[in-house]
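**Student:** Just so you know, the protein sequences line up as chains V and B, in that order. Final position of the first sequence in this note's numbering is 55; the numbers increase by one with none missing. Final position of the second sequence in this note's numbering is 719; the numbers increase by one with none missing.
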Amino acid sequence: MRAAARWGRAVRWYLRELTGEAEYDRHCERHRRRHPGVPVPTRREYEVLRAVRREGRPEGRCC
Amino acid sequence: MPTSVLPETGRPVPEKSRMSPRSILLWAAVALLGAVAWGVLALARGERISAVWLVVAALGSYAIAYRFYSRFIARRVLRPDDSRATPAERLEDGVDFHPTDRRVLLGHHFAAIAGAGPLVGPVLAAQMGYLPGTLWIVAGVIFAGAVQDMVVLFLSMRRDGKSLGQMAREEIGRAGGTAALIAVFAIMIILLGVLALVVVNALAHSPWGTFSVAMTVPIALFMGFWLHRIRPGRVVETSLIGVALLLLAIAGGSWVQNSSLAGAFTLSPTTLVFCLIGYGFVASVLPVWMLLAPRDYLSTFMKIGTIALLAVGVVFAAPVLRADAVSDFATSGTGPVFAGSLFPFLFITIACGALSGFHALVASGTTPKLIQKESQVRLIGYGAMLMESFVAIMALIAAATLEPGLYYAMNAPAGLLGTTAQSASHAVAGLGFTISPDQLTQAARAVEEQTLIARSGGAPTLAVGMSEIFSGIFGGTALKAFWYHFAIMFEALFILTTVDAGTRVGRFMLQDMLGNLWKPIGRVNWKPGIWLCSGLVVAAWGYFLHSGATDPLGGINQLFPLFGIANQLLAAIALAVCTTVLIKSGRLRWAWVTGAPLAWVVAITFTAGWQKIFSDDTKVGFFAQRTRYADALDAGQVLPPAKTLDDMHTVVTNSTVDGVLIALFLLLVAVVMGNAAVVCVRAVRAPGGLPLTEAPYVESRIAAAPEPAEPLAKART
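Now the structure itself:
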């Protein structure tokens, strides 16, 4: 049972990292470290920022 | 340091000069197993053997290659230094550069390099039998493909993630760099055109397939709005919803096919071409979050899921290989799927999975900016390519398990097969294989398609093979049609993602190039510039797509060699850059590591290109073909498989364009090679080598073998 939970957590961690969902947490952590006292952006604000960034950096997909 | 909850995978063996007895025993067993499997493949003549032997032979070889050859390359040739900070660490900005866990990056890199290519080439190459293809896929990846990916990744990482074009310019020279840049753009256009053609051939006259693939657009749009507006950033949950909707769309296709809507989704190849062109344009000008990003998530999930499913399927169903080990077409060169002899055309047809130049673009793009430690290029560069190679092996298995009669009825050009079951059965008999008209109708009915005749392009063949394998395990014959359309959808999804992303990349390249001539067009936020460049890119690949879909000689038959040559020429450019850098940095002794595959790929591409231009055989040489049809046209004759004078004109135009294009590619690559050779000679003569453009050494502050961060148990809401 505990092993299953461990695996479940591992899979969740992997998928979140792979899809970039965890990027927001990393961004907040960085933000707090570099600009203590300034409130972190909300998830929504961050996603808008991320979408704008993606616009300028097309990622090639191979055949 | 936080400990990992993840089970360790592919952890590098501790660096020791002597192997422990246990490890010697283990690797001897792996070697033995692989050798036995190769032995079975080599000795099987005439009798049918299980596909599991192919899997064992490939996996055994990959394991040995990864453990020994990639380690040799790392230790002796590249000499990565884990005390040196990678660009991800030095330039960390949380956006482009940030040190990423190696297993996550492996997944990322694999998703970026593997697409429809390794699924299509091996299926077409099965006309020469399963053995030549298997040998090339396995040997090619070990000594060429994975080496290229790993070395390019390493070089780009040492140069802060510079692109292949930039590296060619800086390490080889201005002429070589410019030629490389133009070649990259031209090659990408061909690639997009041919891949889109695969989709058209798979969806033509198939309401089920067309409906389910069309549904991916609203599904992706829904996901986009969900992710952007309703639940920002919840990618995993959104992707799961998307995959569920996708499966529903496949199941719904069956209903649509039998309803009054069927007519609306039964489209001719030409209509599909225009749909795809329109889609490609819209997708490339819409904001990324709306369509491209969600489609990419869907595609990644489906990719990893289906490939895992296929691996399980092949092992559990253990299908029997029905194709010949080496067919007569391997030696005669008169195969109906693609013309030409084994050397060089097998090596052109199977590019992705063995050696794919396109990977050099990915390996010099996003991935090098995310590597945590230099030594990880081995896992990510070499390892991911081995995984792609395994996908190619599975595609080959799926094709080789089909009855050869059915394989040829599906893959020979329409002009040869005609349109009825009788004519196709007759044509297949003429090729030396048998399939009765009844069996052919039966096979189409089993997957609920109107016809399987002349469904070239690889996707339908793979889908039939996959449906056989899957229905053997899950669901039996009742689900065969579902699995067939599942496989079609899965390939179409990859390809459309590649088309979206490729058009966008192409647009940026074009804006960049044209921006040098006229400033405003280079601005990435000037709408008319974006529309113009997107339109130009779409028109360029759309031209090849249209000419392929309407080519009387069979578009895949004509264009696939062009695609293969283009892809392999890109590999030649990448390997030339690698070899030049090795020689410039005083590693002449090890230059053969990339130099030998370079020599090989130059030999195959230039031989193939030469034959495509100068061969007298009208099936191989584009200009011989052109002359034959032009002469007939002057005499007012119509040569089969053309049916009208218009068809004749089409053949003449297409063969001219294709021939000129190959000549142009060869010329561009010859410029790169010539320039690289000059630099290499200069480097050998110069005492101590020539200066490189590597970023200077900065000491790393991250621990040598960092574990991934603890999964965020209390993720923020």
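Ideal Cβ placement from N, Cα and C applies to all residues, glycine included. All values reported here derive from a predicted model rather than from experimental measurement.
(1) Tell me whether B/I66 sits in a helix, a strand or coil according to DSSP, three-state version.
(2) Please confirm whether B/M3 has its beta-carbon closer than 7 Å to some beta-carbon of chain V.
(3) Which residues in chain V sit within 7 Å of B/V186, going by Cβ to Cβ distance?
(4) Run through DSSP, which three-state label would B/T436 get?
(5) In whole angstroms, what separates the C-alpha of B/A448 from that of B/K482?
(6) B/S587 lies in the alpha helix (DSSP H); which residues open and close that run?
(7) Considering Cα atoms alone, identify which of B/W528, B/Q259, B/A573, B/F667 is closest to B/A188.
(8) So with CB distances below 8 Å, who are the chain V contacts of B/P642?
(9) Quick one, which of B/V314, B/F392, B/W210 has its alpha-carbon nearest B/A116's?
(10) Identify the contact partners of V/P28 in chain B, using a Cβ-Cβ distance below 7 Å as the criterion.
(11) Quick one: what does DSSP say B/E451 is sitting in, helix, strand or coil?
(12) Closer than 7 Å by beta-carbon distance: list the chain V residues that pair up with B/V290, in chain order.
(13) Quick one: which residues of the segment 78 to 105 of chain B get their C-beta closer than 8 Å to a C-beta of chain V? List them in chain order.
(14) Leaving out five residues on either side along the sequence, give the residues of the same chain with a beta carbon under 7 Å from the beta carbon of B/H100.
(15) Looking only at DSSP bridge pairs, what is B/S52 linked to?
(16) Please list, in chain order, the residues of the segment 298 to 321 of chain B that have any C-beta partner in chain V closer than 7 Å.
(17) Is the segment 451 to 459 of chain B touching the segment 414 to 426 of chain B, taking contact as three or more C-beta pairs under 8 Å?
(18) When you compare the segment 129 to 136 of chain B with the segment 323 to 332 of chain B, are there three or more beta-carbon pairs, one atom per stretch, that lie closer than 8 Å?
(19) Does DSSP put B/R86 in a helix, a strand or coil?
(20) With H, G and I counted as helix, E and B as strand and the rest as coil, what does DSSP make of B/T218?
(21) Is there a C-beta anywhere in chain V that falls below 7 Å from the one on B/R20?
(22) Does the beta carbon of V/G52 sit closer than 7 Å to a beta carbon anywhere in chain B?
(23) Would you call the segment 458 to 468 of chain B and the segment 400 to 418 of chain B touching, i.e. three or more CB-CB distances under 8 Å?
(24) State buried or exposed for B/K375, treating a residue as buried only when at least 16 other CB atoms are found within 10 Å of its CB.
(25) Is the beta carbon of B/V339 closer than 7 Å to that of B/Q129?
(26) Counting only C-beta atoms, is B/T552 closer than 7 Å to chain V at any point?
(27) Closest to B/A672 by C-alpha separation, out of B/L694, B/T218, B/A181, would be which residue?
(28) For V/H27, does the count of other Cβ atoms within 10 angstroms reach 16, so buried, or fall short, so exposed?
(29) Is V/R8 helix, strand or coil when you go by DSSP?
(30) Rank B/G367, B/L183, B/A246 by C-alpha distance to the C-alpha of B/D98 and give the top, closest one.
(31) Rounded to a whole number of angstroms, what is the C-alpha to C-alpha distance between B/R160 and B/V154?
(32) Roughly how many whole angstroms lie between the Cα atoms of B/M491 and B/G307?
(33) Do you know how far the Cα of B/S85 is from the Cα of B/R92?
(34) Using a 10 Å radius around the Cβ and a threshold of 16 neighbouring Cβ atoms, would you call B/I191 buried or exposed?
(35) Which same chain residues end up closer than 6 Å to B/G335 when comparing Cβ atoms and leaving out the 5 residues on each side of it in sequence?
(36) Take the Cβ of B/L45 as the centre, count every other Cβ of all protein chains shown within 10 Å, and call the residue buried at 16 or more, exposed below.
**Tutor:** Put simply:
(1) Shown here, B/I66 sits in a helix according to DSSP, grouped into three states.
(2) Because B/M3 sits at a pLDDT of 38, beneath the cut-off of 50, its placement in the model cannot be relied upon, and the following sentence gives the value as read from the coordinates. No, no contact with chain V.
(3) By Cβ distance, chain V contributes nothing, its closest Cβ being about 10 Å from B/V186, past 7 Å.
(4) DSSP places B/T436 outside both helix and strand once states are collapsed to three, so it counts as coil.
(5) Those two C-alpha atoms are separated by around 7 Å.
(6) Annotation: B/S587 is outside any alpha helix (DSSP H) and is labelled neither H nor E by DSSP.
(7) If we check each option's Cα against that of B/A188, B/F667 comes out closest.
(8) Result: empty, since nearest Cβ-Cβ is about 33 Å, beyond 8 Å.
(9) Checking every option, the nearest Cα to that of B/A116 belongs to B/F392.
(10) Those do not exist, as V/P28 stays about 16 Å from chain B at its closest Cβ, beyond 7 Å.
(11) Residue state for B/E451 is assigned as coil, using DSSP reduced to three classes.
(12) Within chain V, the residues A43, R46, E47 have their CB atoms less than 7 Å from the CB of B/V290, given in chain order.
(13) Within the segment 78 to 105 of chain B, the qualifying residues are G96, V97, D98, H100, T102, D103, R105.
(14) So the qualifying residues of the chain are A90, E94, L372.
(15) In the DSSP output, where bridge partners are listed per residue, B/S52 has B/V322.
(16) Within the segment 298 to 321 of chain B, the qualifying residues are Y299.
(17) They touch, by the three-pair rule.
(18) Yes, the segment 129 to 136 of chain B touches the segment 323 to 332 of chain B.
(19) Strand.
(20) Annotated three-state conformation of B/T218 is helix, per DSSP.
(21) Not closer than 7 Å to any Cβ of chain V, the Cβ of B/R20 fails to qualify, so no.
(22) V/G52 has a beta carbon lying within less than 7 Å of a beta carbon in chain B.
(23) Yes, the segment 458 to 468 of chain B is in contact with the segment 400 to 418 of chain B.
(24) B/K375 should be labelled buried.
(25) Yes.
(26) Output row for B/T552: interface = no.
(27) The option with the nearest alpha carbon to B/A672 is B/A181.
(28) Result: exposed.
(29) Here V/R8 sits in helix by DSSP.
(30) The candidate whose alpha carbon is nearest that of B/D98 is B/G367.
(31) Distance between the alpha carbons of B/R160 and B/V154 is about 10 Å.
(32) When the Cα atoms are used, B/M491 and B/G307 turn out to be separated by approximately 13 Å.
(33) If I take the Cα positions, the gap works out to 12 Å.
(34) Counting C-beta atoms within 10 angstroms of its own C-beta, B/I191 has 16 or more neighbours from the protein chains shown and is therefore classed as buried.
(35) The residues are G342, S343.
(36) The residue is exposed, with fewer than 16 neighbouring Cβ atoms inside 10 Å.
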